[in-house]
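Asks: All you need for my numbering is the position in the sequence shown, starting with 1, plus 190. All C-beta atoms in this analysis are idealised placements derived from N, C-alpha and C, irrespective of residue type, glycine included. The structure displayed is predicted, hence computed values, not measured ones.
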Amino acid sequence: MKKLLAVAAAVFAASTFAQEPIRIGVITDRVGVSKPYSEPCTEGTLFGAAEINRKGGVLGRKIELLVEDDQSRPDISAALARKLIDQGAVFILSMSLTPATQQQQTVTMDAKTPQMTPMNSGDTLTTQLPNPYFWQTGPLGSIQIATLLAHARAQNLKRVALISDNSDLGQLLARFFRAGLEKSGIQIVTEEVVPRGATTAEPQMQKIRAVNPDAMFMARLPVPPSVGEGPFTKA
Numbered sequence: 191m192k193k194l195l196a197v198a199a200a201v202f203a204a205s206t207f208a209q210e211p212i213r214i215g216v217i218t219d220r221v222g223v224s225k226p227y228s229e230p231c232t233e234g235t236l237f238g239a240a241e242i243n244r245k246g247g248v249l250g251r252k253i254e255l256l257v258e259d260d261q262s263r264p265d266i267s268a269a270l271a272r273k274l275i276d277q278g279a280v281f282i283l284s285m286s287l288t289p290a291t292q293q294q295q296t297v298t299m300d301a302k303t304p305q306m307t308p309m310n311s312g313d314t315l316t317t318q319l320p321n322p323y324f325w326q327t328g329p330l331g332s333i334q335i336a337t338l339l340a341h342a343r344a345q346n347l348k349r350v351a352l353i354s355d356n357s358d359l360g361q362l363l364a365r366f367f368r369a370g371l372e373k374s375g376i377q378i379v380t381e382e383v384v385p386r387g388a389t390t391a392e393p394q395m396q397k398i399r400a401v402n403p404d405a406m407f408m409a410r411l412p413v414p415p416s417v418g419e420g421p422f423t424k425a
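#1: Rounded to whole angstroms, what is the Cα-Cα separation between G234 and A400?
#2: Please state the DSSP three-state secondary structure of Q295.
#3: Quick one: which unbroken alpha helix (DSSP H) runs of 4-plus residues sit fully inside the region 206–272? Chain order, please.
#4: I'd like the span of the alpha helix (DSSP H) that includes M395, first residue to last.
#5: Given a threshold of 16 other Cβ atoms within 10 Å of its Cβ, counted over all protein chains shown, does P415 qualify as buried or as exposed?
#6: Compare the beta carbon distance of E382 and I398 with 8 Å and say whether it is the shorter of the two.
#7: Relative to the C-alpha of P320, which residue among T307, G246 and T298 is closest?
#8: Mapping DSSP to helix, strand and coil, what is T307?
#9: For a test of the three-state rule: what should DSSP assign to T423, helix, strand or coil?
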């Protein structure tokens, strides 16, 4: 993350007065469905910026992070992107849900403000909008499912279960997994959904055990207790 910050900052370091900080906007999720991965990534960003500043900044200019919490809600994420740009952010880092990052792009593309997501996996982020100012460095959903399918073929799996949650992220990943499995001719014998906030997935696991699949694909994060328990190969 420190390298990403340094690259983002260096793009703009020579463009204005050396005394001014380089403002980088960070849109994260501190309370919503993306918190399990947004929070550590945001902490890494804060640490990286502090380390860069401790060593003198970028070309003599300090990095100033402007952090906003969109709760992984697309309906407010675009407004926060506009707020950060109005506050002088010259680069936006998105550490939220894929649909929220997508909404941010409608603002950053119009403002010609570079934007990057180091974690979002949705392929749609680079296919739905012709945004030359956007970079995606996380593992794409299509690459994840291709890797899992390669494993499934190597294990000669024929019948699988798919488990996800009812969040936007869980359903997006489930859609990628479902399409890949169906295209490969692998039968989905059951598909279970765990409600957001559930502390156990035992009811869903009982249904999966009842149909005795060859493997279970988990399209969700984080995994509650009881998921993964049982005599299944996990892909």
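Replies: Looking at the atomic coordinates:
#1: Spanning the alpha carbons of G234 and A400 requires a straight line of approximately 43 Å.
#2: Helix at Q295.
#3: You should have 225–244.
#4: For M395, the uninterrupted alpha helix (DSSP H) segment begins and ends at E392 to V401.
#5: Its pLDDT being 45, under 50, P415 is placed unreliably in this model, and the value from its coordinates should be taken loosely. Its Cβ having fewer than 16 others within 10 Å, P415 is exposed.
#6: A Cβ-Cβ contact shorter than 8 Å links E382 with I398.
#7: Considering only alpha carbons, the answer is T298.
#8: Residue state, collapsed to three classes: strand.
#9: Any reading at T423 must be qualified, since the residue scores a pLDDT of 39, below 50, and its modelled position is unreliable; the value itself is stated next. The answer is strand: DSSP assigns T423 an E or B state.
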